[in-house]
Amino acid sequence: DAGVIQSPRHEVTEMGQEVTLRCKPISGHNSLFWYRQTMMRGLELLIYFNNNVPIDDSGMPEDRFSAKMPNASFSTLKIQPSEPRDSAVYFCASSSRAGPEKLFFGSGTQLSVL
Amino acid sequence: GESVGLHLPTLSVQEGDNSIINCAYSNSASDYFIWYKQESGKGPQFIIDIRSNMDKRQGQRVTVLLNKTVKHLSLQIAATQPGDSAVYFCAETWTGGFKTIFGAGTRLFVKA
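If you read the protein sequences in the order shown, they are chains A and B. End of the first sequence = 98 in the numbering used here, gap-free, step of one. End of the second sequence = 128 in the numbering used here, gap-free, step of one.
Structural data, given as structure tokens:
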């Protein structure tokens, strides 16, 4: 199994630009999570999908952030417009079922907004 | 929001010694606990888990202990190796929920 695949690995952009992060979960997993990791706040859950449906987006910082999951094998996290405070590592994770279950993480996208 | 706390941000041990990483959790409803290891440039990786109906679980060189009375978790690594150097996170979740709450993390340094 290839694991959770994220792209790009690194993204450097200027303030005000649109950023799109991509994720391919493990085949057969029906739960997908987007996390953000910073030194100050640690790992924060942004949004959770189950069977491609957003279940909880209460962790999304503000309207500049949006996420989609058009099918079981692909999800995007978009920031528009980006701001320097969005700089962080963004992780996608998937699990095999809803409810308490271990998560499988991708390698993350290191985002730097200048 | 609620969080799982780690009170020792850095732990340094000699290669070959045993390591113990501690964690306090806050949600009384949590009934599933996981330890993750995060190496530099990678995402967190599952190490071992334990459910609330157990107080101890052993894996290969790792043991997790759960004390529900005081809401405490620990991860024990036997014969610590340089490859164990990483940040370790405890995490909690609960039946009927979907959120996994991560602690702040403990960085483990293994001295050769």
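Positions of the beta carbon are idealized from the N, C-alpha and C atoms, including for glycine.
Compare the C-beta of residue 125(B) with all C-beta atoms of chain A and state if any pair is closer than 8 Å. Translated into positions along the second sequence, residue 125(B) becomes position 109. Taking Cβ atoms only, chain A never reaches closer than 8 Å to residue 125(B), which makes this a no.
Express the C-alpha separation of residue 56(B) and residue 116(B) in angstroms, rounding to a whole number. As a first step, residue 116(B) is located in the second sequence; it is residue number 100 there, counting from the start. As a first step, residue 56(B) is located in the second sequence; it is residue number 40 there, counting from the start. Their Cα atoms are separated by approximately 21 Å.
Terminal residues of the continuous beta strand (DSSP E) containing residue 78(B)? Start at 1 with the first residue of the second sequence, and residue 78(B) comes out as number 62. Counting along the chain, the beta strand (DSSP E) containing residue 78(B) begins and ends at 78 to 83.
Using DSSP with H/G/I as helix, E/B as strand and the rest coil, what is residue 99(B)? Reading the second sequence from its first residue, position 83 is the one you call residue 99(B). Looking at residue 99(B) - three-state DSSP - the assignment turns out to be helix.
If you compare alpha carbons, which of 59(B), 50(B), 26(B), 109(B) is closest to residue 81(B)? The count along the second sequence starts at 1 and reaches residue 81(B) at position 65. Cα-wise, what sits closest to residue 81(B) is 50(B).
If distances are taken between C-alpha atoms only, which option among 99(B), 71(B), 85(B), 69(B) comes closest to residue 31(B)? Here residue 31(B) refers to the residue found at position 15 of the second sequence. It is 99(B).
Quick check on DSSP: helix, strand or coil for residue 106(A)? Residue 106(A) lies beyond the stretch modelled for chain A, which goes from -15 to 98, so this question has no answer here.
Interface partners of residue 86(A) on chain B, CB under 7 Å: Looking up residue 86(A) in the first sequence gives position 102. Neighbours of residue 86(A) on chain B, chain order: 50, 62, 65.
Verify whether the separation of the beta carbon atoms of residue 85(B) and residue 48(B) is less than 8 Å. In the second sequence, counting from the first residue as 1, residue 85(B) sits at position 69. In the second sequence, counting from the first residue as 1, residue 48(B) sits at position 32. No, Cβ-Cβ distance for residue 85(B) and residue 48(B) is not below 8 Å.
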